[in-house]
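Encoded structure:
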């Protein structure tokens, strides 16, 4: 506020005129100075009160802990874990298959100590399933002893270990070892370890995927990942509990399926919610009310409290720094896929991320996201070819519970909630529909984030919000992705506190020179706009970390060469020393091309670099700059034309190259000599390379971590030979439009992890790849625009045909180019 209201305008005059200007400015701002000084005093007073209160609480809490091993809250949540055992086997469907699987594993004859982990999100029935296995007569007959131990993360380690020892020794009717009550954690662990070495099986149920994996790998076991019930079994369970022996009335069927959809296959949720519905009037009005108000029902209805507490265990077990990150997910509308980098960058600018030495804030944020995934609070929905997670979602019930929690906290306000009374000091406003949902006559004096989704009105969004309060001028986060904007809103350049600005997927065509006023800006996202040039004033944004500006050309053909349009970068781009992502600069546009490539070498923090319109003579300069980018993880280079040579052979790699993704689109005289040294490389795409004499696979097959290999117009020879022992981590292989290709040979013990194999538009191939039958892990084979001869040999009834080679593959797709960028076809 001080910078906004009291910063003096630059005054060119000197002497008496300068003195008059200073006096005038001081008088004009006297009231503002007094107001700001008063606010600072108030803030200091509140900080002192908070500090003193914290100290009193700590002292009081310490005294309580001396006389009690856990707080009442800990005890309450601990007992909720046992509530899962209240589900009877009759209440569950689909339990027979996993139960049989676990029992078979338990009773095998291997005498070693083994740990079997049953993992999955809360409410899936992990505890119920394991209890059924535990009580099964086959298991009881196989083991002389068996013990059930419940573990709460709120316990002190020593107390937990002591309790475990007591339970274990009581089961085998042995006296407790002497001095157990006074032992430290290491000695207690030693006793348990020695005890278990005499036994053979441990089943562990957990929401933490990492814990499950570690325990099972360490002790010769395996992980059973429990999945939600399929739709058919979910419907059967729902109807059984809701309507008893009767079927669902036709007039309630649509509403029932909507309510069931909220449960997303969680048995605990289905049982609890259908139990509530069974007591309600069987009317469409009543059920529609419950569907709309499910969040309130979760918080206030006694019949759902047990389920809510069990699901909430995952939240209450979170460390404090993850609680806020998780609650923040409510900004995304229902069924909205959460983009990986959008979430990461928002977490960072919102101030949720702790600083860790040797790591960027984005890297720390990715660690936070992994923690939420490991305990199944966030579900992955889209995975890139190289294994990177691209998009996520949260369970519908979790979202309802988050929104209910937020009603009592001033963190996020959702504009689509028409009946909600907004907090006086609103901090983050998420607009899910149109801005008519924003309450009128509301002053946004403390607003810090404005994020919009699916906004369809054409009125200037920011103008409407800005008119509701001067405090909007302090806004740090503005995300207008997808809004119907034709021009850059002039209000933006007055937001001097702005650190995050996204106009992605709008129709904005030009960025004004006044963008240079936003000196705190860290993220500028203009991807999929009509902007093709940035003013030189962008160089004033010295804190910029992510500069994203490119779009894809719509084309009827599959992946055309000129698919990406970048932007003309100013000559001094190298002065933005904090840049981590620069996408996508045009190497040859205007008089600055050579200068821009030289400037790139100054950006030592770059993680991702995307360059288009490169000419052969630019190669040496680009290589010189790339040699200085020791933090580079992703490199995309596109030639100016498909026959233009990309000359990167003069590149000398840093000692430990971190490059994980490499995309080269343009003619290569030969495969760059440094590619086989990229031991961290996970994704490699070579397009329009038109290699002639050398089999490209020879220099690539030893890459130890390669997960995706894409070849498009990359090789003009007649054969590809995949030799035994190569591509040990490869999961996806795409071979597209190799016009001279006649044969492919695959040796055994090659590509043991390959799951997806795409062959497209290689019309000289008359047979399937020789040895494709060796690809035991192959799950998806796509044959698009291949020769009629090859396809005809896949007829199941053809004697001497090739169908037997792919009979083990679950999905085999035969497709043709529909001239719309997609393929039409059928599965065998």
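Numbering (the working numbering), first residue to last: 952 to 1779. C-beta: ideal position from N, C-alpha, C; glycine also. Small disclaimer: the values here were computed from a predicted structure and weren't measured.
Where does residue i sit, in a helix, a strand or coil, going by DSSP?
| i | result |
| --- | --- |
| residue 1488 | helix |
| residue 1474 | strand |
| residue 1211 | helix |
| residue 984 | helix |
| residue 1782 | Past the edges of the chain, shown from 952 to 1779, lies residue 1782, and the structure says nothing about it. |
| residue 1340 | strand |
| residue 1687 | strand |
| residue 1170 | coil |
| residue 1078 | helix |
| residue 1185 | helix |
| residue 951 | The first residue shown for the chain is 952 and the last is 1779, placing residue 951 beyond what the model contains. |
| residue 1531 | coil |
| residue 1518 | strand |
| residue 1266 | helix |
| residue 1713 | coil |
| residue 1193 | helix |
In whole angstroms, what separates the C-alpha of residue i from that of residue j?
| i | j | result |
| --- | --- | --- |
| residue 1763 | residue 1687 | 17 Å |
| residue 1300 | residue 1173 | 40 Å |
| residue 1601 | residue 1704 | 34 Å |
| residue 1076 | residue 1380 | 36 Å |
| residue 1364 | residue 1200 | 38 Å |
| residue 992 | residue 1109 | 46 Å |
| residue 1457 | residue 1337 | 29 Å |
| residue 1006 | residue 996 | 16 Å |
| residue 1123 | residue 1180 | 38 Å |
| residue 1282 | residue 1685 | 37 Å |
| residue 1262 | residue 1349 | 8 Å |
| residue 1735 | residue 1709 | 8 Å |
| residue 1137 | residue 1175 | 29 Å |
| residue 1440 | residue 1593 | 38 Å |
| residue 1454 | residue 1434 | 8 Å |
| residue 1492 | residue 1525 | 12 Å |
| residue 1264 | residue 1073 | 8 Å |
| residue 1477 | residue 1562 | 16 Å |
| residue 1147 | residue 1063 | 10 Å |
| residue 1568 | residue 1555 | 24 Å |
Are the Cβ atoms of residue i and residue j separated by less than 8 Å?
| i | j | result |
| --- | --- | --- |
| residue 1585 | residue 1552 | no |
| residue 1565 | residue 1597 | yes |
| residue 1289 | residue 1313 | no |
| residue 1577 | residue 1532 | no |
| residue 1069 | residue 1080 | yes |
| residue 1669 | residue 1638 | no |
| residue 1501 | residue 1512 | no |
| residue 1192 | residue 1222 | yes |
| residue 1431 | residue 1399 | no |
| residue 1713 | residue 1745 | no |
| residue 1087 | residue 1054 | yes |
| residue 1580 | residue 1604 | no |
| residue 1259 | residue 1352 | yes |
| residue 1694 | residue 1721 | yes |
| residue 1627 | residue 1651 | yes |
| residue 1588 | residue 1515 | no |
Between the Cα of residue i and those of the options, spot the shortest distance and give me the residue it belongs to.
| i | options | result |
| --- | --- | --- |
| residue 1465 | 1731, 1314, 1237, 1447 | 1447 |
| residue 1238 | 1425, 1565, 1515, 1210 | 1210 |
| residue 1537 | 1520, 1550, 1527, 1160 | 1520 |
| residue 1404 | 1287, 1373, 1472, 1694 | 1287 |
| residue 1468 | 1645, 1495, 1309 | 1495 |
| residue 1278 | 1128, 1424, 1179, 1357 | 1357 |
| residue 1215 | 1472, 1606, 1197, 1189 | 1189 |
| residue 1342 | 1396, 1693, 1317, 1352 | 1317 |
| residue 1095 | 1114, 1119, 1660, 1128 | 1119 |
| residue 1683 | 1672, 1660, 1186, 1774 | 1660 |
| residue 1608 | 1583, 1280, 1618, 1623 | 1583 |
Report yes if the C-beta of residue i is less than 7 Å from at least one heavy atom of the ligand MN; otherwise report no.
| i | result |
| --- | --- |
| residue 1114 | Looking at this structure, you won't find the ligand MN or any other ligand, since it has none at all. |
Does the CB of residue i have a neighbour CB from chain B at under 8 Å?
| i | result |
| --- | --- |
| residue 1453 | Here there is only one protein chain, and chain B is not present. |
Evaluate contact between the stretch 1655 to 1674 and the stretch 1626 to 1646, counting only Cβ atoms and requiring at least three cross-stretch pairs below 8 Å.
yes
Three Cβ pairs or more, each shorter than 8 Å: is that satisfied between the stretch 1302 to 1309 and the stretch 1659 to 1677?
no
Tell me, please, whether the stretch 1727 to 1735 touches the stretch 1748 to 1760 by the rule of three or more beta-carbon pairs shorter than 8 Å.
yes
Given 8 Å as the limit, is there contact between the stretch 1160 to 1177 and the stretch 1204 to 1222, that is, 3 or more CB pairs closer than that?
no
Examine the Cβ distances between the stretch 1327 to 1343 and the stretch 1233 to 1247 and report whether three or more of them are shorter than 8 Å.
no
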